[in-house]
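The structure appears below as structure tokens.
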Ligand SMILES: [Zn+2]
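Residue numbers (the working numbering): 160 to 472.
Here it is in structure tokens:
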């Protein structure tokens, strides 16, 4: 099995570590330190995920952030904290393992822009504006006829542009998606979403969305949750191939990356893919299936690294 340089733009591993009371080295998680190290180099975005019905979202995000910071402390010789494009470059070209802090659900800000600056100060470099429900910024995709950005949502997008943070539109309502594309002065990411033409789940993006996001220089991270990969009962590398080929046909080969959603969805896992250690298996299969070495390089890290270089200060 070949090894690859990987940037994975979404996982919920911090939630799982809290639940298990374990650390990144020994936790029973899809993204553990040994599993990351099975790749040539590996950069993982770690999300502070806050549920829509969390009553104290700012506090919950802080509890998760404490776990993140403890991992950086415990494994400082193994895990490089990524705060800017130079750090990301160091991880990828230096064959290291790195971590970037992100937020999932703008509800953590509790309607206060100062909290965005607070999380940025603590290292957060991307934020998913919503989860599936409504929050102070916008509605999520789970709300029928969901509303678009609120005034506060617009303020947050513009502040993120100025700070140099990646604006993440996975989970957002369709109206919100178009508002963000209009509002943002920078390309945006859908860190963990697939193609709705290939798998009809509402969390996936329509061709129109993929085309528009790609046109602005944005990137879509391939989600490995079987429900988002396939309308059937199971999913495997073949479904990943369908999504990748379709997204390339709609948005070109510079708009696709990885955002596994590892540790954020229930079993069964996609066939043959149990965690960060199995990217080798996946991309060996995709190569046999006809993806070129250049395309694989773009998907595994180059497209996201370019976006990081464009956006992070
Ligand atoms: Zn998510």
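We put the beta carbon where it would ideally sit given N, CA and C, even for glycine.
In this text, all values refer to a predicted model and were calculated from it rather than measured experimentally.
Q) Who pairs with residue 217 in a beta bridge, going by DSSP? A) According to DSSP, residue 217 bridges with nothing at all.
Q. In its own chain, which residues sit with a C-beta less than 6 Å from the C-beta of residue 208, not counting the 5 before and 5 after it?
A. 171, 174, 263
Q. Taking residue 287 as the reference, which of 302, 276, 271, 267 has the closest Cα?
A. 267
Q. Helix, strand or coil for residue 164 per DSSP?
A. strand
(Q) Less than 8 Å between the C-beta atoms of residue 177 and residue 226, yes or no? (A) yes
Q: Rank 461, 469, 261 by C-alpha distance to the C-alpha of residue 250 and give the top, closest one.
A: 461
Q) Which residues share a DSSP beta bridge with residue 285? A) 261, 325
Q) From this set, 323, 375, 388, which residue's C-alpha is nearest residue 336's C-alpha? A) 375
Q. Is the Cβ-Cβ distance between residue 307 and residue 343 less than 8 Å?
A. no
Q | Segment contact, 8 Å Cβ cut-off, at least three pairs: the region 307 to 325 with the region 227 to 234 | A | Put simply, the region 307 to 325 does not touch the region 227 to 234. Fewer than three CB pairs are less than 8 Å apart.
Q. Is any heavy atom of ligand 1 found at a distance shorter than 7 Å from the C-beta of residue 360?
A. no
Q | Beta-bridge pairing of residue 256 - partner residues as DSSP gives them | A | In the DSSP output, where bridge partners are listed per residue, residue 256 has 201, 238.
Q.
What does the Cβ neighbour count give for residue 475, buried or exposed, with the cut at 16 atoms within 10 Å?
A. Nothing can be reported for residue 475, as the shown portion of the chain is limited to 160 through 472.
Q) Is the beta carbon of residue 364 sitting closer than 8 Å to the one on residue 166? A) no
Q | Rounded C-alpha distance that separates residue 361 from residue 329 | A | When rounded, the distance between both Cα atoms is 11 Å.
**Q.** Beta-carbon spacing of residue 394, residue 190 below 8 Å
**A.** no
Q: Grab me the residues of residue 162's own chain with a C-beta within less than 8 Å of its C-beta, minus the 5 sequence neighbours each way, in chain order.
A: 197, 198, 199, 439
Q.
In the DSSP assignment, the alpha helix (DSSP H) including residue 410 goes from what residue to what residue?
A. Where residue 410 is concerned, the enclosing alpha helix (DSSP H) stretches over 396 to 410.
Q: Go through the region 316 to 399 residue by residue and report every complete run of the beta strand (DSSP E) that reaches 3 residues or more, in order.
A: 325 to 327, 378 to 381, all fully within the region 316 to 399.
Q) Does the distance from the CB of residue 406 to the CB of residue 399 come in under 8 Å? A) No, these two residues do not count as a Cβ contact at 8 Å.
Q.
So, for residue 213: in the same chain, excluding its five sequence neighbours on each side, which residues have a beta-carbon less than 6 Å away from its beta-carbon?
A. 219
Q.
Can you tell me whether residue 308 is helix, strand or coil according to DSSP?
A. coil
(Q) DSSP three-state label for residue 415, please. (A) strand
Q: Give the DSSP-derived three-state secondary structure of residue 439 in the structure shown.
A: helix
Q) Between residue 385 and the rest of its own chain, which residues show a CB-CB distance below 7 Å, the 5 nearest in sequence each way excluded? A) Contacts found: 393, 394, 427, 429.
(Q) Alpha carbons only, please: which of 206, 257, 349 is nearest the one belonging to residue 194? (A) 257
(Q) Beta-carbon within less than 6 Å of residue 448's beta-carbon, same chain only, minus the 5 sequence neighbours each way: which residues are those? (A) 400
Q: Would you kindly report the start and end of the unbroken alpha helix (DSSP H) that includes residue 193?
A: 192 to 195
Q. DSSP puts residue 270 in a beta bridge; with which residues?
A. Bridge partners of residue 270: none, in fact.
Q. Hey, out of 210, 253, 379, whose CA is closest to residue 269's CA?
A. 210
Q: State the Cα-Cα distance for the pair residue 471 and residue 222, rounded to the nearest angstrom.
A: 25 Å
**Q.** Cβ neighbours of residue 259 in the same chain (closer than 6 Å, five flanking residues each side left out)
**A.** Within the same chain, residue 259 has close Cβ partners 204, 241, 284.
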